[in-house]
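Student: What follows is a single structure, and I will ask about it in a moment.
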Amino acid sequence: MLEFFSVDSSKAHGPRRDVLFLNECNNVTYEVYTQLETRTRKLVVLDYNPTSEFWVHTEVEPHNPHDFLKLTYRDNEALEPAIVRSVESRMHDANYWRVYGLGEIGLPEGVIYENWEPVEAVPEGAQLFRHTLDFGFTNDPSALVDLYRYEGGFLLDEQLYLTDQKNKALANAIRTAGGLTPAAQDGAYIGRTHTLTIADSSEPKSIAEIRDYGVLDEPPHRDPAGVQPPA
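Residues in the sequence shown are numbered from 2 upward in steps of one, following our numbering.
Structure, rendered in structure tokens:
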């Protein structure tokens, strides 16, 4: 017997089944999937458009034996020519083409930077351009990230991501990243950093205090036209 139903939290607690086929599961919460999966005896089949990473990638694949089959519009022999033309007319849209043309995981909507990839380490030849500092404390961590120029692009290297960091600790992290000794207990220091630190403009007092520990820092200069690449 086949049963077709739209998924909501009440249906997820329904009767058991032998096989579960969950269509466009990226539109279903992990909690609902869990209720359905635990009531399935033999086989679970999931399909989805990989618009962005979701619970299949983080919760299911790493912890369960599975087979994975990637299909794109080219594998659908019954697809109408008009739909093929529609998909291929959007090759210029990098994220759309990545998802619907190539079947790769896309980026969430609203991401500022696209076309990036992780690297194992900062390569030789990369030039340190700026330190960047975002202030936090109890709930939100403070973040210190180094910005490098490399082969016409930029590299980001996280140096610190911690809560409960006072300004002196942040200043010493920047000094250490710049090859200098930390400031002493009384605040005395030897040498000032040469690489400019762009610090969170919401805390001008913290910026001034960190500067007192021998760190060259200033708030960002906002461009009214929006986010622009570093000059």
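Quick reminder that beta carbons are idealized off the backbone N, C-alpha and C, glycines included.
When DSSP labels each residue in this structure, what does Val20 get in the three-state scheme?
Tutor: Locating residue 20 in the sequence shown gives position 19, where the first residue counts as 1. Strand at Val20.
Student: Report the rounded CA-to-CA distance for Pro221 versus Val61, giving the unit in angstroms.
Tutor: Within the sequence shown, numbered from 1, the residue matching residue 221 stands at position 220. Within the sequence shown, numbered from 1, the residue matching residue 61 stands at position 60. Their backbone Cα atoms lie some 41 Å apart in a straight line.
Student: Following the continuous alpha helix (DSSP H) through Ser202, name the residue where it begins and the one where it ends.
Tutor: Counting from one through the sequence shown, the residue named residue 202 turns up at place 201. Unbroken run through Ser202: none, as it is neither H nor E.
Student: Between Gly15, Asp9, Asp19, Lys43, which lies nearest to Tyr31 when the distance is taken from Cα to Cα?
Tutor: Position 30 of the sequence shown, counted from the start, is the residue given in the question as residue 31. Ranking the options by Cα distance to Tyr31, first place goes to Asp9.
Student: For Leu23, which of His14, Arg17, Phe5, Pro16 has the nearest alpha-carbon?
Tutor: Position 22 of the sequence shown, counting from 1, holds the residue named residue 23. When each option's Cα is compared against that of Leu23, the closest is Phe5.
Student: Which residues mark the beginning and the end of the beta strand (DSSP E) in which Arg176 is found?
Tutor: Numbered from its first residue, the sequence shown carries residue 176 at position 175. Segment 168 to 178 is the alpha helix (DSSP H) holding Arg176; no beta strand (DSSP E) there.
Student: Within the present structure, is the beta-carbon of Phe69 separated from the nearest heavy atom of the ligand NAP by less than 6 Å?
Tutor: No copy of the ligand NAP appears in this structure; indeed no ligand is present at all.
Student: Specify the secondary structure class of Thr194 as computed by DSSP and reduced to three states.
Tutor: Residue mapping note: residue 194 aligns to position 193 of the sequence shown, counting from 1. Three-state result, Thr194: coil.
Student: Are the Cβ atoms of Ala136 and Asp94 separated by less than 7 Å?
Tutor: To locate residue 136, count along the sequence shown from 1; it is residue 135. To locate residue 94, count along the sequence shown from 1; it is residue 93. In the sequence as displayed, the identity of residue 136 is Phe instead of Ala. The answer is no: Cβ separation not under 7 Å.
Student: Can you check DSSP and say which residues form a bridge with Val46?
Tutor: Taking the first residue of the sequence shown as position 1, residue 46 is located at position 45. Answer is Phe22, bridged to Val46.
Student: Would a C-beta distance cut-off of 7 Å place Tyr214 and Ala184 closer than the cut-off?
Tutor: By 1-based counting over the sequence shown, the position of residue 214 is 213. By 1-based counting over the sequence shown, the position of residue 184 is 183. Taking 7 Å as the Cβ cut-off, Tyr214 and Ala184 qualify as a contacting pair.
Student: Under a three-way DSSP split, which group does Val146 fall into?
Tutor: Stepping through the sequence shown from its first residue, residue 146 is reached at position 145. If DSSP states are grouped into helix, strand and coil, Val146 belongs with the strands.
Student: Looking only at C-alpha atoms, which of Leu217, Tyr149, Leu103 sits nearest to Tyr233?
Tutor: Outside the displayed range of the chain (2 to 232) lies residue 233, so it cannot be described from this structure.
Student: Can you list, in chain order, the residues of its chain with a C-beta nearer than 8 Å to that of Cys101? Leave out the 5 residues immediately preceding and following it.
Tutor: Numbered from 1 along the sequence shown, position 100 holds the residue referred to as residue 101. In the sequence as displayed, the identity of residue 101 is Tyr instead of Cys. Around Tyr101: Asn50, Thr73, Tyr74, Val88, Arg91.
Student: With distances taken from CA atoms, which of Thr52, Arg18, Gln36 is nearest Arg42?
Tutor: Counted from its first residue, the sequence shown places residue 42 at position 41. Cα-wise, what sits closest to Arg42 is Arg18.
Student: So what does DSSP say about Tyr162, is it helix, strand or coil?
Tutor: For this step, residue 162 is matched to residue 161 along the sequence shown. Here Tyr162 sits in strand by DSSP.
Student: Rounded to the nearest angstrom, what separates Thr39 and Val33 at their Cα positions?
Tutor: For the purposes of this step, residue 39 is taken as residue 38 along the sequence shown, with counting starting at 1. For the purposes of this step, residue 33 is taken as residue 32 along the sequence shown, with counting starting at 1. Taking the straight line from one Cα to the other gives about 10 Å.
Student: Starting from the C-beta of Leu37, find all residues in its chain whose C-beta is less than 6 Å away, skip the five residues before and the five after it, and write them out in chain order.
Tutor: Residue 37 sits at position 36 when you count from the first residue of the sequence shown. Answer for Leu37: Ala13, Leu21, listed in chain order.
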